[in-house]
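Protein chains: 2
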Amino acid sequence: MNLADAGHDVMIVDNLSRRKIDIDLGVESLTPIATIGDRLKAWEQVGGKRIEFVLLDIAKEYDRLLALLRSEKPDAVVHFAEQRAAPYSMKSSATKRYTVDNNVNGTHNLLAAIVESGLDIHIVHLGTMGVYGYGSHRGATIPEGYLTVEVPQADGSRFTERILHPTDPGSVYHMTKTLDQLLFFYYNKNDSIRITDLHQGIVWGTNTRLTEKDPRLTNRFDYDGDYGTVLNRFLMQAAIGYPLTVHGTGGQTRAFIHIRDSVRCVQLALDNPPTSGEKVKIFNQMTESHRVADLAEKVAALTGAETNYQANPRKEAIDNDLIVDNRCFLELGLKPTTLDDGLLSEVVDVARRWADRCDRSRIPCLSAWTTRQAEAIAARP
Amino acid sequence: MNLADAGHDVMIVDNLSRRKIDIDLGVESLTPIATIGDRLKAWEQVGGKRIEFVLLDIAKEYDRLLALLRSEKPDAVVHFAEQRAAPYSMKSSATKRYTVDNNVNGTHNLLAAIVESGLDIHIVHLGTMGVYGYGSHRGATIPEGYLTVEVPQADGSRFTERILHPTDPGSVYHMTKTLDQLLFFYYNKNDSIRITDLHQGIVWGTNTRLTEKDPRLTNRFDYDGDYGTVLNRFLMQAAIGYPLTVHGTGGQTRAFIHIRDSVRCVQLALDNPPTSGEKVKIFNQMTESHRVADLAEKVAALTGAETNYQANPRKEAIDNDLIVDNRCFLELGLKPTTLDDGLLSEVVDVARRWADRCDRSRIPCLSAWTTRQAEAIAARP
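Chains as they are written, first to last, in the numbering used here: chain A, 1 to 381; chain B, 1001 to 1381.
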């Protein structure tokens, strides 16, 4: 909607897998989500520029994808077509395998189809800050994708190289995004495909200026243990009087971005594509870093909620620092929406409004990274 | 056969895809290859310890793979189940997609199945020297998998890290092996899977001590433009009076290993597994490096063959140096079989013996890396 509103001709290509996973999990977004047809109709009714929709699985229907690129000749493809939750990716062998198969083949099909089409199409891909890992050297700044290193040689000399930042994914989901990076690196090198990879932090917030125009346009609000993200979960938990669930010490530091900034960043990336022959552009799509325990404290101060420290289902560092370079988007004009801008209360309000749709039994995070973690979860009081 | 001969209980799990690709391509190994049943029978007849065979596609039949691991409880899995040719991987969108889908899902299914089985199984995987790329800093030695780098910080300080050597794959095939590395890194970190990754050079030679025991046990000898490897192709071309096909300047330097050393290395890797909790072991499985033009000259000197310089179908550096650390296998006792050990003539003899099976029209390399390369091939005289 943001892109259509900015004057772009927009077509959605989607297999609606996220809705189907809800069915499998027996859970729903806290906010009620209209059918795709009703959403598109609502958008036109509020005066939005018509958005086309094609039901297509890019990981499975290569020939249809190629035919679509050839007929539509898009300037750009915004690639969001990946299974996006770390806990879901760790639920079982089946979800691990689905995540790898869907994410790798989806990305690779898109790349192969662009090469086969012969068209010069800019890919804007949603990656994750998680590719870098959260265990790097303390005090070091995470650059935007590339790292300058010096390599000492046996003879005492050294040379300098600019490399893709080494990866250290924390889940099968995050791992697939590190695989994407290598697919992009190769196809950019061999076929000069123009690519922007957005290493996004954790999204929070619910509405943008445009989703507020009609109730049918509201965004998903995932609160469950598989798809809910930490800050939105805290705000929802506070809204319904459920203790804030902090895993481990809460010393994990993560990067955050409000959903309004997220859509703005995608637009900025599209408006500033790489030039022909330029290597993959990598942006850190985040605006601030916070310790999880500090977030819980902030939400508790705002709402009076209690905090419940629990065994951590993830295998991760007890704590980490996180200093991130995000100059690229700032220099393109992004004005960050921070936690202190009053939008925390807005999320609480949304959660209160739909509190009766919440299934409390789906709040705990039950997806365990290892057998040992699964035992720790089972031992929770 | 080498492992069975050394006393191991060996089971082959294979979908026989390499034979099926021959059918698709309409080409055959220069040496006649018996059916898998006849090969196993021949092995028993010459006194080999019985080898079991299961027809199974590990990239597609996860449940059967898991059931097999649970019933057989192997100490180790030697993972060769990947599409292995760079030119084949670059033939078309279909072969690019098959290579990615088969190689990534095959490797990932094996990892997920081992985790799900709960068994402590050592994976020995055939990787490639090609993951490092051939454009690194001149004069630098390629270490065995891991590189020590210093990272300069904005404040003038620097810290030292040991990272996976940055990758720079030269084809979709090579790219899949860089993806494997990240799969191994993650599953080793999260699930403590014990893994040895063999970064192999280009294999040459035909026979080992055991394949010579019966004609039905002979190895494949691929000479075609898709699956044939450079040194074996030169020796075969010399044997049948076909000019040696050098692509570009022949300044490409590559790593080599004789097939006898290759099987020996796999055995050494199995006999020296990583300990529990040890990170992925990476060995450079090669014994010597040579420029392609120098190999052509050597074969020409041996046989009197002529050399034919052709447009290069690959997108690669015109020339490169290649200094490789291979101490791991040497320290485990590998005694390298080098080009000067008289085995070059043995390959020529094998090729002469089967010269009438050669289809000369299949010798040229026609699989192009890019549209520009395809045009260069079409313009060949």
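We put the beta carbon where it would ideally sit given N, CA and C, even for glycine.
In angstroms with no decimal places, state the Cα-to-Cα distance between residue i and residue j.
{"i": "B/V1131", "j": "B/L1322", "result": "13 Å"}
{"i": "B/I1163", "j": "B/E1044", "result": "46 Å"}
{"i": "A/R70", "j": "A/L119", "result": "8 Å"}
{"i": "B/F1159", "j": "A/T253", "result": "21 Å"}
{"i": "A/T387", "j": "A/E161", "result": "Shown here, chain A extends from 1 to 381; a query on residue 387 of chain A therefore has no answer."}
{"i": "B/D1168", "j": "A/A140", "result": "25 Å"}
{"i": "B/N1232", "j": "B/N1102", "result": "26 Å"}
{"i": "B/D1222", "j": "A/T249", "result": "58 Å"}
{"i": "B/A1081", "j": "B/N1109", "result": "11 Å"}
{"i": "A/S276", "j": "A/I282", "result": "16 Å"}
{"i": "A/A368", "j": "A/M286", "result": "27 Å"}
{"i": "B/E1150", "j": "A/Y146", "result": "14 Å"}
{"i": "A/A378", "j": "A/K91", "result": "14 Å"}
{"i": "A/I382", "j": "B/G1047", "result": "Since the displayed chain A opens at 1 and closes at 381, residue 382 of chain A lies outside it and no answer follows."}
{"i": "B/A1042", "j": "B/I1036", "result": "10 Å"}
{"i": "B/S1171", "j": "A/P152", "result": "29 Å"}
{"i": "B/V1347", "j": "A/I21", "result": "56 Å"}
{"i": "B/R1064", "j": "B/L1056", "result": "8 Å"}
I need the DSSP call for residue i, collapsed to helix, strand or coil.
{"i": "A/W354", "result": "coil"}
{"i": "B/L1126", "result": "strand"}
{"i": "A/I36", "result": "helix"}
{"i": "B/L1344", "result": "helix"}
{"i": "A/L68", "result": "helix"}
{"i": "A/I323", "result": "strand"}
{"i": "A/E44", "result": "helix"}
{"i": "A/D226", "result": "coil"}
{"i": "A/F53", "result": "strand"}
{"i": "A/V299", "result": "helix"}
{"i": "A/R291", "result": "strand"}
{"i": "B/V1013", "result": "strand"}
{"i": "B/A1004", "result": "helix"}
{"i": "A/D359", "result": "coil"}
{"i": "B/I1202", "result": "strand"}
{"i": "A/N190", "result": "helix"}
{"i": "A/I23", "result": "helix"}
{"i": "B/A1076", "result": "strand"}
{"i": "A/T307", "result": "strand"}
{"i": "A/D349", "result": "helix"}
{"i": "A/D197", "result": "strand"}
If you measure from the beta carbon of residue i to each beta carbon in chain A, is any gap under 8 Å?
{"i": "B/W1369", "result": "yes"}
{"i": "B/A1112", "result": "yes"}
{"i": "B/L1366", "result": "no"}
{"i": "B/L1147", "result": "yes"}
{"i": "B/P1169", "result": "yes"}
{"i": "B/A1085", "result": "no"}
{"i": "B/T1178", "result": "yes"}
{"i": "B/E1116", "result": "yes"}
{"i": "B/N1284", "result": "no"}
{"i": "B/H1125", "result": "no"}
Using a C-beta to C-beta distance shorter than 8 Å, which residues of chain D count as neighbours of residue i?
{"i": "A/H137", "result": "Within the model displayed, chain D is absent; protein chains A and B are what it includes."}
Do we get a CB-CB distance below 8 Å when we pair residue i with the residues of chain B?
{"i": "A/E28", "result": "no"}
{"i": "A/T141", "result": "yes"}
{"i": "A/M175", "result": "yes"}
{"i": "A/H199", "result": "no"}
{"i": "A/Y186", "result": "yes"}
{"i": "A/R97", "result": "yes"}
{"i": "A/E288", "result": "no"}
{"i": "A/P166", "result": "yes"}
{"i": "A/L330", "result": "no"}
{"i": "A/V394", "result": "Only positions 1 to 381 of chain A appear in this structure, which leaves residue 394 of chain A out of reach."}
{"i": "A/S93", "result": "yes"}
{"i": "A/V100", "result": "yes"}
{"i": "A/N219", "result": "no"}
{"i": "A/N15", "result": "no"}
{"i": "A/V280", "result": "no"}
- request: Can you give me, in chain order, the residues of the region 46-77 of chain A that have a beta carbon less than 7 Å from any beta carbon in chain B?
  value: Y62
Worksheet item: Which ranges would you report for the alpha helix (DSSP H) in the region 1083-1164 of chain B if only whole runs of at least 4 residues count?
Response: 1086-1089, 1093-1117
>> Ignoring anything shorter than 3 residues, give me the beta strand (DSSP E) runs that lie fully in the region 237-284 of chain A, in order along the chain.
In response: 244-247, 253-258
Exercise for the section: Check distances from the C-beta atoms of the region 1304-1322 of chain B to those of chain A and list, in chain order, the residues that come in under 9 Å. Expected result: K1315
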